[in-house]
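Numbering (the numbering used here), first residue to last: 31 to 567.
A quick write-up on the structure given underneath.
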Amino acid sequence: MEDQNIFVGQEFPDVKAFRNAIKEAAIAQHFELRIIKSDLIRYIAKCASEGCPWRIRAIKLPNAPTFTIRSLEGTHTCGKNAQNGHHQASVDWIVNFIEERLRDNINYKPKDILHDIYKQYGITIPYKQAWRAKERGLQAIYGSSEEGYCLLPAYCEQIKTTNPGSHAEVFTAGSDSRFQRFFISFYASLHGFLNGCLPVICLGGIQLKSKYLGTLLSATSFDGDGGVFPLAFGVVDEENDDSWLWFLLELRKALEMSTEKIPPLTFLSDGQKSIADAVKRQFLSCCHAICMQYLSESISRDFKNSRLVQLLWKAAYSTSTRGFKEKMAEIEEVSSDAATWLQQYPPSRWALIHFDGTRYGHFSSNIYEFNKWILEARELPIIQVIKRIHSKLTEEFELRRSRSSTWSSTLSPSAEKRIMDGRTLASTYQVLRSDEVEFEVISAERSDIVNTDFTAASYRESYSKEVHPIPDKLEWSRTRIVRPPKFRRPPGRPEKKRLCVEDLNREKHTVHCSKCNQTGHYKTTCKTEVVQSTQQF
31 MEDQNIFVGQ
41 EFPDVKAFRN
51 AIKEAAIAQH
61 FELRIIKSDL
71 IRYIAKCASE
81 GCPWRIRAIK
91 LPNAPTFTIR
101 SLEGTHTCGK
111 NAQNGHHQAS
121 VDWIVNFIEE
131 RLRDNINYKP
141 KDILHDIYKQ
151 YGITIPYKQA
161 WRAKERGLQA
171 IYGSSEEGYC
181 LLPAYCEQIK
191 TTNPGSHAEV
201 FTAGSDSRFQ
211 RFFISFYASL
221 HGFLNGCLPV
231 ICLGGIQLKS
241 KYLGTLLSAT
251 SFDGDGGVFP
261 LAFGVVDEEN
271 DDSWLWFLLE
281 LRKALEMSTE
291 KIPPLTFLSD
301 GQKSIADAVK
311 RQFLSCCHAI
321 CMQYLSESIS
331 RDFKNSRLVQ
341 LLWKAAYSTS
351 TRGFKEKMAE
361 IEEVSSDAAT
371 WLQQYPPSRW
381 ALIHFDGTRY
391 GHFSSNIYEF
401 NKWILEAREL
411 PIIQVIKRIH
421 SKLTEEFELR
431 RSRSSTWSST
441 LSPSAEKRIM
451 DGRTLASTYQ
461 VLRSDEVEFE
471 VISAERSDIV
481 NTDFTAASYR
491 ESYSKEVHPI
501 PDKLEWSRTR
511 IVRPPKFRRP
521 PGRPEKKRLC
531 VEDLNREKHT
541 VHCSKCNQTG
551 HYKTTCKTEV
561 VQSTQQF
């Protein structure tokens, strides 16, 4: 532990710096202060322990904010023993202690704060005090949640000014202009998607954990090398049918603003009915597939059988009706309940052989990759979440643009690898001659048989436009006031996973006992033998 000695004649820039220093010394040396006089020109205190003669007096120097220690009387006789708490370990003191740590790690948890304070000072503080200090520290660094909503209209105007062609809007509700929804799609993303990416859009949402909660909705695609390509995102006060319908309406507007004709699209999402209905209404002729990652995790969670998960994936990848039926029959054999459960998801939305659209090899949305961008920022005010996404977009576009400039192949690296792997596999096949005159000529230029979306040129076009920086908020013009939503974060520990409507309404899997053949319990908790023994007695 660093020595926190104070001495007569020691000077401090102002009264606040002196108060912080004397608090730090008291906590570090394990004695508590009893303040006798404290104002802007003087400070007098003594040791709070009965009979201890230690006393300090400090004053403000004339014509300057500087504070200096005038006298230190007595020596501590209180023993300076370690203690459970400390009167001087206030929320403000904890904020000073954690501020730099919070700048480096937004997810600095209250329990870690407690651990670090105990490790350095040997005192324990209440969990609630650490939690309050973290909230106050985040507010000091990143601003308040209320200010975050208020800045949104001006931020939208800055986006449209610095990144022409972008779509950014804030929507409010009520006469008092309460925040309801926010949508943004940068021009660089719109251009890259329409001119270089696969015509696949993945939809998903992640809960925000700031003071007023909310959900971040996102639309992402894939570039020609398989990377996740952020297209658009929005924040809504509540995730429901209306919010998804609104989000896809704004997405369609943004796309129509950037092209004369929207290409045929394939949508990927989890099993939420609200998303499926919104896609049908806003993109009438487009196909909508269920994310296989979501489907496999759901069947694994409900039935806890790895064999079922393997069979589900094999059924999804089947390229023939016969092969699909065989895998479905195997699922029925393993668990008839699982087969019944799967019927709620039509094969036309997840099985390759029955899907009408084109997946371009993507069976899962990989929305988790985009969510990683903001996981650390979910507790911050809404404006900070959006700034994080903007910064990450700027960084990723530049990184991928620079990386692709060194490629020498016609195809993207992942597409080139698949071609080479296919050639290696094909070399093991046996060639059967049809007749003396009929044969097939294979071109030596293998890139001609690959969709142009997988070429290096298309990849470069995806990231050809820059995401321009946004000026500091000091340069913004306040256009209108947006107030935060009415509801606030409920008390208690928040849910770690986003719940879908289907999850809440889904019928629970019934368990069976192999001993008594009854439902509702397992063999290990069966009470049949206990009842029989009681009756015999």
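Don't be surprised by glycine CBs; every beta carbon is placed ideally from N, CA and C.
As the structure is a prediction and not an experimental result, all values here were calculated from the model.
I need the DSSP call for C577, collapsed to helix, strand or coil. This structure gives no information on residue 577, because the portion of the chain shown stretches from 31 to 567.
Completely contained beta strand (DSSP E) runs for the region 239-314, where each covers 3 or more residues: 245-252, 258-266 and 296-299
So what does DSSP say about T202, is it helix, strand or coil? strand
Label R49 either buried or exposed according to how many other C-beta atoms from any shown protein chain fall within 10 Å of its C-beta, with 16 as the threshold for buried. buried
State yes or no: is the C-beta of C232 within less than 8 Å of the C-beta of S395? yes
Tell me the residue span of the alpha helix (DSSP H) that contains A184. L182 to T192
Would you mind reading off the limits of the beta strand (DSSP E) that contains K67? L63 to S68
Kindly indicate which residue of G39, H117, E409 and V45 has the alpha-carbon position closest to the one of R64. H117
Just to confirm before moving on: does the CB-CB distance between V125 and A170 stay below 8 Å? yes
With a Cβ-Cβ cutoff of 8 Å, do F213 and S251 count as a contact? no
Using the C-alpha atoms, what's the distance from H60 back to K239? 37 Å
With DSSP collapsed to three states, give me the class of S215. strand
Sorted by chain position, which residues of the same chain lie with C-beta nearer than 8 Å to T485's C-beta, five sequence neighbours on each side aside? G254, T440, L441, S442, A445 and S477
Apply the 10 Å Cβ neighbour rule to Y324 and answer buried if 16 or more other Cβ atoms are within range, or exposed otherwise. buried
Suppose contacts are defined by Cβ-Cβ distances below 8 Å. Is E41 in contact with T105 by that definition? no
Buried or exposed by the 16-neighbour rule on C-beta atoms within 10 Å, applied to R211: buried
Using only alpha-carbon positions, find the residue among V415, Y398, A487 and F393 that is nearest to R433. A487
Tell me, to the nearest whole angstrom, how far the beta carbon of G115 is from that of I155; I am working on the premise that it is less than 8 Å. 6 Å
Rounded straight-line distance, which links the Cα of N547 to that of R331: 24 Å
Spell out a yes or no on whether the region 506-517 and the region 162-179 are touching, meaning 3 or more CB-CB pairs, one atom from each, closer than 8 Å. yes
Tell me which residue opens and which closes the alpha helix (DSSP H) that V364 is part of. T351 to V364
Which residue marks the beginning of the alpha helix (DSSP H) containing Q374, and which one marks its end? Where Q374 is concerned, there is no enclosing alpha helix (DSSP H), given that its DSSP letter is neither H nor E.
Between the Cα of G81 and the Cα atoms of I74, G109, I99 and P92, which residue gives the shortest distance? G109
By the 10 Å Cβ neighbour count, where 16 or more other Cβ atoms means buried, how is L338 classified, buried or exposed? buried
For S435, count the other beta carbons within 10 Å of its own beta carbon; 16 or more makes it buried, fewer makes it exposed. Which is it? exposed
For V230, does the three-state DSSP call read helix, strand or coil? strand
Indicate whether Y185 and I416 have their beta-carbon atoms separated by less than 8 Å. yes
Looking at L247: is its Cβ nearer than 8 Å to the Cβ of F277? yes
Is the region 305-320 close to the region 258-275, with three or more CB pairs under 8 Å? yes
Would you mind working out which of K495, N401 and R208 sits nearest V258, comparing C-alpha positions? N401
Per DSSP, cross-strand counterpart(s) of G235: L247
Rounding to the nearest angstrom, what Cα-Cα distance links E428 and T370 in this structure? 48 Å
Coarse secondary structure for T98, derived from DSSP in three states: strand
Assign T296 to buried or exposed, taking buried as 16 or more other Cβ atoms, counted over all protein chains shown, within 10 Å of its Cβ. buried
By alpha-carbon positions, which one of A456, T107 and A163 ends up nearest to R131? A163
Whole-number beta carbon distance between G226 and Y489, since they are thought to touch under 8 Å: 6 Å
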